[in-house]
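If you read the sequence shown in numbering that gives the first Met the number 0, its first letter stands for residue 0, the second for the next number, and so on.
The beta-carbon is built from N, C-alpha and C at its ideal position, and this holds for glycine as well.
Remember, predicted model here, so these are calculated numbers, not experimental data.
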Amino acid sequence: MSVLDGHVVVVGLGFGDEGKGAVVDALCADRPTTAVVRFNGGAQAAHNVVAEGRHHTFSQFGAGTFAGVPTHLSRFVLVEPFALAAEVRQLETAGVRNPLSLLSVDGQALLTTPFHIHANRARELARGGGRHGSCGKGIGETVWYSLLSGAAPGDVVESQEVIGTPGAAPTVADCARPSVLRRKLDALARFYAPLATPSHTVDELVATYRDFAGAIRITDGDETGRLADAGRLVFEGAQGVLLDQHHGFAPHTTWSTTTPHNARELLGGRPHTVLGVTRTYLTRHGAGPLPTESASVLARFPEAHNGTGEFQGAWRAGHLDAALLDYAIAACEGVDALAVTHLDATGLRVVPADGSRAVGLPDPLAWFHDRLPVAVTGYGPDRADYRIPVAAAAGARSTISV
């Protein structure tokens, strides 16, 4: 029996961009899957999938969509309806029929609005040379505003009805309750008025979000549990463990739990496999530490789907870092197996865990196998470049301590 036959939690072990989207697509195309469950982040996810002559950068939809697998956005996800509508149009252009029929959303999920997005961008621009490396999608502002009421993303709360008080954060369920939504958006607009003036009025947002609520399936209760009992789930993480809000390197972190902990909570003790995704070299976008950064690595491995973002910053690359890989695995409280991408890269080097000088890596797959079972391998950008053994080897969960 393969470790990938049951529920699989996919997490990135770097600074993001490890290849999680391609891995999720390969897992969903390989064997029957009931749903892809997003368990953190929001519209800032950028998971590239190339399959059957199609390419899409998945943002809020799960990366199993090309394989026909539905997406469930859990209560830990921040939902941005305007970006979601744009992604629907892009998926339709790519040949996906009626994408919204493949989507369900937990009503407790927080709503990211234009107020959050404009405030996020204004703050990042004001930092000048001290930027944090934000994607400019309003993620941090959405979380911060909700925390003012004492409710974190994913918390199951009866209501946030302290209307007019910062932190009475709008949720997806509010989109179907115009009077509640209007009061929350009025409070949000007043709170952010000194910082940003969005292009949408509260009246326009209420109308748009009401239409959004009518177009999607909003769930309550333990939808993930129901899906898990119906069949295999693939949990798709956003960004990487080295950007985690608790384990990353502040202030260059995301306001999100990128480790498997949210997925484990959603699974409620059900058995699962944690699959850590890593490139054969290290990358990150924008500001923040990259100890093994190398101009030669950047030059040798050009990116077809990653570039410089207005708010996110430049694309960067460096040698594989054994210490950071160990640290990421430890932050996950262990992973069961690895998915190694970009194995088509050549002339690789690795900086050992003791921080000594980088050494050549003539056989990267063997190097990773020395640490953990490798259950998925990727040798290029296309689904056809990915390999999943019929019976991926099972092993004891790695619990590297750092």
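Point to revise | Ordered list of beta strand (DSSP E) runs contained in the region 57-102, each at least 3 residues | key: 70-72
Exercise for review: Using 10 angstroms around the beta-carbon of G268, count the other beta-carbons present and answer buried if the total reaches 16, otherwise exposed.
Suggested key: exposed
Check your understanding: Exposed or buried, what is A303 when buried is set at 16 or more other beta-carbons lying within 10 Å of its beta-carbon?
Key -> exposed
Review point. Quick one: Cα of P437 to Cα of S198, how far?
Key: Look at the range of the chain in this structure, 0 to 401, and you will see that residue 437 is not part of it.
Point to revise | Buried or exposed by the 16-neighbour rule on C-beta atoms within 10 Å, applied to E17 | key: buried
Check your understanding: By Cβ distance below 8 angstroms, which residues in the same chain neighbour R231 in space, the five residues on each side in sequence not counted?
Key -> D4, G5, H6, V7, R30, P31, T32, T33
Check your understanding: Does the Cβ of T196 have 16 or more other Cβ atoms within 10 Å, making it buried, or fewer, making it exposed?
Key -> exposed
Practice item. Could you tell me the boundaries of the beta strand (DSSP E) in which R176 lies? Key: Here R176 belongs to no beta strand (DSSP E), and DSSP marks it neither H nor E.
Review point. Using the C-alpha atoms, what's the distance from D362 back to G224?
Key: 41 angstroms
Exercise for review: Taking the CB atoms as reference points, tell me whether V339 and T277 lie closer together than 8 angstroms.
Suggested key: V339 is a Cβ neighbour of T277, given a cutoff of 8 angstroms.
Point to revise | Identity of the residues DSSP links to D384 by a beta bridge | key: Per DSSP, none; premise fails for D384.
Practice item. May I ask which residues mark the beginning and end of the beta strand (DSSP E) holding T253? Key: Unbroken run through T253: none, as it is neither H nor E.
Practice item. Taking 8 angstroms as the threshold, find out whether the region 59-67 comes into contact with the region 38-48 through three or more Cβ pairs. Key: yes
Review point. What runs of the alpha helix (DSSP H), each 4 residues or longer, lie entirely inside the region 280-338?
Key: 294-299, 321-330
Exercise for review: Take P290 as the anchor and find which of F65, R315, A21 has the nearest alpha-carbon.
Suggested key: R315
Exercise for review: If I'm right that Y280 touches A344 with Cβ under 8 angstroms, what's the distance once you round it to whole angstroms?
Suggested key: 6 angstroms
**Study point:** When G312, G285, G275, G317 are compared against E292, the one with the closest alpha-carbon
**Key:** G317
Check your understanding: According to DSSP, is V142 helix, strand or coil?
Key -> helix
Point to revise | Backbone secondary structure at R216 - three-state DSSP | key: strand
Check your understanding: Excluding the five sequence neighbours on either side, which residues of its own chain have a C-beta within less than 6 angstroms of the C-beta of P405, listed in chain order?
Key -> Given that the chain is displayed from residue 0 to residue 401, the structure contains no residue 405 and the question cannot be resolved.
Exercise for review: Can you say whether V358 is buried or exposed, counting buried as having 16 or more other CB atoms within 10 angstroms of its CB?
Suggested key: The residue in question, V358, is exposed, as its Cβ has fewer than 16 Cβ neighbours within 10 Å.
Check your understanding: Where does V22 sit, in a helix, a strand or coil, going by DSSP?
Key -> helix
Check your understanding: Candidates H54, R88, L297, C331: which alpha carbon is nearest V240's?
Key -> C331
Point to revise | Three CB pairs or more closer than 8 angstroms across the region 208-216 and the region 250-260 | key: no
Exercise for review: Flag this pair as yes or no: are the beta carbons of E140 and A168 separated by less than 8 angstroms?
Suggested key: no
Review point. Where does G236 sit, in a helix, a strand or coil, going by DSSP?
Key: strand
Check your understanding: According to DSSP, what are the bridge partners of H46?
Key -> Under the DSSP definition of a beta bridge, H46 partners with F57.
Check your understanding: Exposed or buried, G346, counting other C-beta atoms within 10 Å across all chains shown (16 or more means buried)?
Key -> exposed
Check your understanding: Which residues in the same chain as R181 place their Cβ atom closer than 6 angstroms to its Cβ, once the five residues preceding and following it in sequence are excluded?
Key -> V205
Check your understanding: Applying the criterion that 16 or more other CB atoms from any shown protein chain within 10 Å of the CB defines a buried residue, is P270 buried or exposed?
Key -> P270 should be labelled exposed.
Practice item. Just grab the DSSP bridge partners of V273 for me. Key: Answer by DSSP bridge pairing, in chain order: V8.
Check your understanding: If A321 and P351 are in contact, beta carbons under 8 angstroms, what's the gap, nearest whole angstrom?
Key -> 5 angstroms
**Study point:** Residues that DSSP places opposite G377 in a beta bridge
**Key:** Y385
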